[in-house]
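Written out below as structure tokens is the structure these notes cover.
In our numbering, the protein residues as written are 1287 to 1615.
Printed below as a string of structure tokens:
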């Protein structure tokens, strides 16, 4: 089986990355890529973790900008999505057996790919579900990861017709009665821009939808009840003051102010008890801040590049001088 990355109109592959598979927890094949920076000064490596139902391809634009700043980027598709192995027969269902399997995959990736094949120091940038994985793994990352930036970390659930409490009850009931593989909502592979909860940028939205249409095999439908149960259990754990106090990796939380998926108040509440964390609100932005309009996205990148490799998120940073790799989709 050969690992491949896919370019689509307006979304070229950055440079000539090393692409392959590594064996995750229990032998699951996970597709990964390492993008080397050609900048004169190398600043280290950013380990990039995606959200649920995202792929390496969706982050080509952001990876290009990270490379331009002197960072190598190491990233992989989570188990059960993207170009990695599916975990159940129905490949459209987003599933995981245990949330801790995500944590073990990250540890294996750091041990087998990042440490031997990339440049020190190591930083971590994670979005949504990737942010939840980072928060859960963070107490064990202190000696490996220098700093973390979490964009809209999945620490609460909004934007659903059913309340979060009822979703949790239904997911728990299904999981413990042998129906963890069912989905609680319908599969809608085609998404319209109007009213979408992800971004207010029509070009980036169209670019990402083109990727879905050209390579549907990379993408999923709704999550299973088991996935919801496991993720809600992980959320409950990472939000406890005890867990947050155990995290010593300096962290910035970039919180979109108009996020229907992970409402702002969940992210704000998390920061209140997170001694190593600092909240950077982006007023008006929706959930996928790195896929947003430039007026929102530039603020997020300014916070990211001021904090990594070092400094204060409030420092001004000329993000606007980066080459815009986006083309019309």
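For every residue, glycine included, the Cβ atom is placed at its ideal position computed from N, Cα and C.
Using a Cβ distance threshold of 8 Å, residue 1321 and residue 1353 count as a contacting pair. Remark: C-beta atoms of residue 1433 and residue 1536 approach each other more closely than 8 Å. Fully contained in the stretch 1512–1589 are the following beta strand (DSSP E) runs of length 3 or more, in chain order: 1537–1542 and 1563–1568. With a 10 Å radius around the Cβ and a threshold of 16 neighbouring Cβ atoms, residue 1551 comes out exposed. Excluding its 5 nearest sequence neighbours in each direction, residue 1509 has C-beta neighbours in its own chain below 6 Å: 1380, listed in chain order. Judged by DSSP secondary structure, residue 1497 falls within the alpha helix (DSSP H) whose first and last residues are 1488–1500. The C-alpha of residue 1440 lies about 15 Å from the C-alpha of residue 1567.
Sequence-distant Cβ neighbours of residue 1501 in its own chain, meaning closer than 6 Å and more than five residues away, are 1292. Annotation for residue 1491: 1479 and 1485 place their beta carbon closer than 6 Å to its own, counting only its chain and skipping 5 residues before and after. Beta bridge pairing from DSSP links residue 1410 with 1333 and 1434.
Residue 1470 carries a coil assignment under DSSP once its states are collapsed to helix, strand and coil. Counting of Cβ neighbours within 10 angstroms places residue 1558 among the exposed residues, the total staying below 16. Within the same chain, 1433, 1435, 1538 and 1599 come within 7 Å of residue 1593 by CB-CB distance, once the 5 residues on both sides are set aside. Rounded to the nearest whole angstrom, the CA to CA distance from residue 1586 to residue 1514 is 28 Å. Under a 10 Å Cβ-count criterion, residue 1459 is classified as exposed, with fewer than 16 other Cβ atoms of the shown protein chains found around its own Cβ. Every beta strand (DSSP E) stretch that sits fully inside the stretch 1317–1401 and reaches 3 residues is listed by chain position as 1330–1335 and 1357–1362. Only residues of its own chain outside the window of five on either side were considered, and among them 1505 have a CB closer than 6 Å to the CB of residue 1498, listed in chain order. Across the structure, residue 1332 and residue 1590 are spaced so that their CA atoms are roughly 11 Å apart. Exposure of residue 1376 is indicated by the presence of fewer than 16 other C-beta atoms within 10 angstroms of its C-beta. Bridge pairing for residue 1482: absent [DSSP]. Burial is judged here by how many other beta carbons sit within 10 angstroms of a residue's own beta carbon; residue 1316 has at least 16 and is buried.
The Cβ atoms of residue 1548 and residue 1438 sit closer than 8 Å to each other. Beta-carbon to beta-carbon, residue 1524 and residue 1418 are separated by about 7 Å, close enough to satisfy the 8 Å threshold. Under the three-state reduction of DSSP, residue 1422 is assigned to helix. Short of 6 Å from the beta carbon of residue 1579, and not among the five residues preceding or following it, lie these beta carbons of its own chain, in chain order: 1486 and 1487.
Annotation for residue 1462: no beta strand (DSSP E) segment contains it, though the alpha helix (DSSP H) segment containing it runs 1450–1462.
Of 1328, 1543, 1520 and 1595, the smallest CA-CA separation from residue 1454 is found for 1520.
Taking each of 1556, 1563 and 1335 in turn and checking the Cα distance to residue 1413, the smallest one comes out for 1335.
In this structure, residue 1543 lies away from residue 1563, with their beta-carbon atoms at least 8 Å apart. The three-state secondary structure of residue 1417, taken from DSSP, is helix. Taking a C-beta distance under 8 Å as the contact criterion, residue 1289 and residue 1306 qualify as a contact pair. Around the Cβ of residue 1343, a 10 Å sphere holds 16 or more other Cβ atoms; the residue is buried. A residue is called buried when at least 16 other Cβ atoms come within 10 angstroms of its Cβ; residue 1452 does not meet this threshold and is exposed.
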